[in-house]
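**Student:** What follows is a single structure, and I will ask about it in a moment.
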Amino acid sequence: MGETRIESKEKKRVLFVPQSDATHGVGHLQRVLGLMQQLENSPYMEISLYIPSEHDTPVLKRLISDFQQQSRVIHNLKQASWDYIIADYRSSSIEFAKELNRLAPVIALDEGGAGRSFYAYIIDILPTLASVSSANEQNIGYLSLPSPSKEQRPGCEGLRILVSFGGSDQARMTELIGNFLDRIHYPVKLWNVVKGPLFHRTIAWPGVKILESVQMHELLESYDIVFTHFGITAYEALASGCKPILINPTTYHQELAQQSGFMSLGVGSITKEQESWLEQLLTQRTALEAWQEIVSPRWSGQSVSLAKRLESLVSYQQACPVCFEQIGLPVSEILYRTQRKSYAICDGCGMTYLLYFDKPAITYNKQYFDEEYRKQYGKSYLEDFEHIKSMGIQRLSRILHYNKSRKAEEQGKLLDIGCAYGPFLQAGSELGFEVYGIDTAKDAVEYVVNELGFSAREASFPNEIPYHNERFKVVTMWYVIEHFSDLQSVMMSINRYLEIGGVFAFATPKGDGLSARNNLSAFLEKSPDDHYSIFTKKVLGSFLSRYGFELLHIETTGIHINRKWRNVDAKSMLGRGLTRMCKHLGLGDTFEIYARKKRDLS
5 MGETRIESKE
15 KKRVLFVPQS
25 DATHGVGHLQ
35 RVLGLMQQLE
45 NSPYMEISLY
55 IPSEHDTPVL
65 KRLISDFQQQ
75 SRVIHNLKQA
85 SWDYIIADYR
95 SSSIEFAKEL
105 NRLAPVIALD
115 EGGAGRSFYA
125 YIIDILPTLA
135 SVSSANEQNI
145 GYLSLPSPSK
155 EQRPGCEGLR
165 ILVSFGGSDQ
175 ARMTELIGNF
185 LDRIHYPVKL
195 WNVVKGPLFH
205 RTIAWPGVKI
215 LESVQMHELL
225 ESYDIVFTHF
235 GITAYEALAS
245 GCKPILINPT
255 TYHQELAQQS
265 GFMSLGVGSI
275 TKEQESWLEQ
285 LLTQRTALEA
295 WQEIVSPRWS
305 GQSVSLAKRL
315 ESLVSYQQAC
325 PVCFEQIGLP
335 VSEILYRTQR
345 KSYAICDGCG
355 MTYLLYFDKP
365 AITYNKQYFD
375 EEYRKQYGKS
385 YLEDFEHIKS
395 MGIQRLSRIL
405 HYNKSRKAEE
415 QGKLLDIGCA
425 YGPFLQAGSE
435 LGFEVYGIDT
445 AKDAVEYVVN
455 ELGFSAREAS
465 FPNEIPYHNE
475 RFKVVTMWYV
485 IEHFSDLQSV
495 MMSINRYLEI
505 GGVFAFATPK
515 GDGLSARNNL
525 SAFLEKSPDD
535 HYSIFTKKVL
545 GSFLSRYGFE
555 LLHIETTGIH
565 INRKWRNVDA
575 KSMLGRGLTR
585 MCKHLGLGDT
595 FEIYARKKRD
605 LS
């Protein structure tokens, strides 16, 4: 039937694109640098780092010096071709997302901007707001933080406090908290301030140590409280047994902090009431009482390797089955996401297609035809042979309507690609065609040859082209075309097989039928993981014309009114009326397409 994807043994060229402007600090860049270090010797990935020229400051040069020395830092996105891009942005625009998509499929980490809907795969590590569109997966364990061996307790000398607001702290939260602690005369030996690599302002409080170039996850173990904003540092504090108190630069951070259960003082400033409460907390209670009063979510995350997950996600080339060889065609918004797959619409040809991120485990053999067919239809393929053959007779009647030769002895040669056990071949033979079959299943081909007596070849079409010297009047593919990840090779081969004026007929699931219109997410979730394309009526004309065919007829099939009107008896007068209406409107869940070859492809 279709092809099975095989992991490439060649290394994938992967470009990391972190947010690197000073406005958003260095958290995204530092996370990417950590991932690149872990993947440095990956047998599957050849990695590079993108830093825009305008962001290439002396501070950033120090951070990325190891990678610059290895000539793995680029300043032009189009400097090379990429198999994948891994983007780590707090908020990217639609324009930027489309720019990346024109180059390669994008895996985005913690993306919170409008560009989120355009990326092939989204991994949310930190929690997101309920209003944000769904991710392919969400796992805070990707922070890879240690599980504390025991809950930390403050010492008797007082609460040890750390102030840390990221790489640049554009909102000046560091000064806000530092000035407050200084004003209440909090013991200088008990609090320190972290100054990030992009923090260029001068700060100083008498006797207070200013820390630079620190490893936060190691530093936090020495403190009882950290003043910070919502983000990785807050979770690093939890994992270290340290209590975070948040003050946030934006309402977005504040909403996330509240949703996640952190103690948060608000956005941008501290009220007089909050100052009074904080002063009492830090100066008028025992250290243990104060520490216990600070509410925070309990860290119980199981660490998972994000680097290894990224390695597994880049195992396959993800692209439109029609346009994958053309450079510069972005996808439109992603329609649906799960951990193993996404669905997108190609901006180039309009095809809905599958982006698959786990290894398919489908083999088309006797077990497939017995078990999978029985699951869907209640009997094995061979047990249903005569019924399938009768449907073939109906399909052939439509083909004969468009086939120029009307006499049985002049019907010519017919090729059925994905012939299975040959019911359509037998129907064609009975109607005067000289029939040929192709299938990947050895058992099926042997049955066609030995039991039915027809010519058939075991082959992985279109990688293998049996009968390449033959020309056919008719080529058919019944529920096969959706199994190919490379439709261009398929259609070019079919064009070569057919005579001018010959008929190409195929059946496939319909992406704008009743089930898809009623609940698109449910329709896509149920779509088999070896269906790489989902056709709609809208794309058929241009798709066929692209490969030298004209559309002759569309036959609506697979009408199941109970998928929308569950309480209506399909055999009742109302049910029959709804069925006729759906057929008239083309609302079947499958359809048959009949086309004629108009020209050879150059």
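Numbering (my numbering), first residue to last: 5 to 606.
Using N, Cα and C, we set each Cβ at its ideal position, and we do this for glycine too.
Just so it is clear, the structure is predicted and the values come from calculations on it, not from any experiment.
Taking only runs of the alpha helix (DSSP H) that begin and end inside the region 399-468, which ones reach a length of at least 4 residues, in chain order?
**Tutor:** Fully enclosed alpha helix (DSSP H) runs of no fewer than 4 residues occupy 427-434 and 446-451 of the region 399-468, in order along the chain.
**Student:** Between L339 and I349, which are expected to be in contact by the criterion C-beta below 8 Å, what is the C-beta distance as a whole number of angstroms?
**Tutor:** 7 Å
**Student:** Can you tell which of H588, P470, L250 and I397 has the C-alpha that lies nearest to the C-alpha of A431?
**Tutor:** I397
**Student:** Candidates P427, C423 and F437: which alpha carbon is nearest E390's?
**Tutor:** When P427, C423 and F437 are compared, the shortest CA-CA separation from E390 is found for P427.
**Student:** Pop quiz: V197 and T178 are said to be a contact at Cβ under 8 Å. What is the actual Cβ separation, rounded to whole angstroms?
**Tutor:** Going by Cβ atoms, the distance from V197 to T178 rounds to 6 Å, so yes, they are a contact pair.
**Student:** Does the Cβ of N571 have 16 or more other Cβ atoms within 10 Å, making it buried, or fewer, making it exposed?
**Tutor:** exposed
**Student:** So what's I563 in DSSP terms, helix, strand or just coil?
**Tutor:** Three-state DSSP puts I563 in coil, outside helix and strand.
**Student:** With distance defined between alpha-carbon atoms, name the residue in S24, L37, P201 and W86 nearest to E58.
**Tutor:** S24
**Student:** Just to check my reading of the structure: H32 and Y93 have Cβ atoms closer than 8 Å, yes? What is that Cβ distance to the nearest angstrom?
**Tutor:** Contact between H32 and Y93 holds: their C-beta atoms lie close to 6 Å from each other, under 8 Å.
**Student:** Starting from K16, follow the beta strand (DSSP E) in both directions and report where the run begins and ends.
**Tutor:** K16 to P22
**Student:** Indicate whether L502 and F476 have their beta-carbon atoms separated by less than 8 Å.
**Tutor:** yes
**Student:** Would you tell me roughly how many angstroms separate the C-alpha atoms of L180 and I251, rounded to the nearest one?
**Tutor:** 10 Å
**Student:** What would DSSP say about S153, mapped onto helix, strand or coil?
**Tutor:** In this prediction, S153 scores a pLDDT of 49, lower than 50, which makes its location untrustworthy; the coordinate-derived value is nonetheless stated afterwards. The answer is coil: DSSP assigns S153 none of H, G, I, E or B.
**Student:** Under the three-state reduction of DSSP, which class applies to Y357: helix, strand or coil?
**Tutor:** strand
**Student:** Ignore the nearest five residues each way along the sequence and tell me which others in I127's own chain have a CB closer than 6 Å to its CB.
**Tutor:** L113 and E141
**Student:** Who pairs with E596 in a beta bridge, going by DSSP?
**Tutor:** A511 and E559
**Student:** Return the CA-CA distance between K154 and L19, expressed in angstroms with no decimal places.
**Tutor:** Unreliable positioning characterises K154 in this predicted model, as indicated by a pLDDT of 49, which lies under 50. A coordinate reading is not provided.
**Student:** What distance in whole Å lies between the Cβ atoms of L429 and V452, which are believed to be in contact at a cut-off of 8 Å?
**Tutor:** 6 Å
**Student:** Measure the alpha-carbon distance for H557 versus R341 and round it to whole angstroms.
**Tutor:** 33 Å
**Student:** Three or more beta-carbon pairs under 8 Å between the region 236-256 and the region 40-50, yes or no?
**Tutor:** no
**Student:** With DSSP run on the structure shown, which of helix, strand or coil describes N522?
**Tutor:** Reduced to three states, the DSSP call for N522 is helix.
**Student:** Quick check on the DSSP output: the alpha helix (DSSP H) that includes V494 runs from which residue to which?
**Tutor:** L491 to Y501
**Student:** Taking only the alpha-carbon atoms, compute the straight-line gap between I214 and A208 and give it to the nearest angstrom.
**Tutor:** 8 Å
**Student:** State buried or exposed for T290, treating a residue as buried only when at least 16 other CB atoms are found within 10 Å of its CB.
**Tutor:** The residue is exposed, with fewer than 16 neighbouring Cβ atoms inside 10 Å.
**Student:** How about E225: is its C-beta nearer than 8 Å to some C-beta of chain D?
**Tutor:** Among the protein chains of the structure shown there is no chain D, as only one such chain exists.
**Student:** Assign W482 to one of three DSSP states: helix, strand, or coil.
**Tutor:** strand
**Student:** Looking at L605 and N499, is the spacing between their C-beta atoms short of 8 Å?
**Tutor:** yes
**Student:** First and last residue of the beta strand (DSSP E) that includes Y54?
**Tutor:** M49 to Y54
**Student:** For the region 126-198, list the alpha helix (DSSP H) runs that are entirely contained and at least 4 residues long, ordered along the chain.
**Tutor:** Correct list: 177-187.
**Student:** Starting from the N-terminal side, write out each stretch of the alpha helix (DSSP H) that is 4 residues or longer and does not extend beyond the region 228-284.
**Tutor:** 236-243 and 255-264
**Student:** Check the DSSP bridge columns for V110 and list the partner residues they point to.
**Tutor:** I89
**Student:** Taking Y377 as part of the alpha helix (DSSP H), name the residues at either end of that continuous run.
**Tutor:** Y377 to Y381
**Student:** Any idea what DSSP makes of G119, helix, strand or coil?
**Tutor:** helix
**Student:** When DSSP labels each residue in this structure, what does R344 get in the three-state scheme?
**Tutor:** coil
**Student:** Just mark R302 as buried or exposed, buried being the case when its beta carbon has 16 or more other beta carbons within 10 Å.
**Tutor:** exposed
**Student:** Would you decide whether P532 is buried or exposed? Buried here means 16 or more other CB atoms lie within 10 Å of its CB.
**Tutor:** exposed
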